[in-house]
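Encoded as structure tokens, the structure appears first; notes follow it.
This is the structure we're talking about:
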């Protein structure tokens with residue numbers, strides 16, 4: 002992963018870090034609520 006990051010532009014690195022932060026926060030919230038990814042996906046499909 003470090004090799005890939007070395008070839009990325011600063012803007013791409015920032016975008017990737019933001020995406021990872023958002024995903025991590027979603028997983029934290031799901032865990033707090035006792036929900037699975039499947040539960041979340043089903044809620045998103047309504």
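Residue numbers (my numbering): 2 to 47.
We treat Cβ as the ideally placed atom computed from N, Cα and C, and that holds for glycine.
Check	Outcome
Could you give the DSSP three-state label for residue 28: helix, strand or coil?	helix
Could you compute how far the alpha carbon of residue 47 sits from the alpha carbon of residue 16?	28 angstroms
To which residues of the same chain is residue 41 closer than 8 angstroms at the C-beta, ignoring the five residues directly before and after it?	27 and 31
At a threshold of 7 angstroms, does residue 16 count as lining the ligand ATP (C-beta to nearest heavy atom)?	This structure lacks the ligand ATP, and indeed carries no ligand of any kind.
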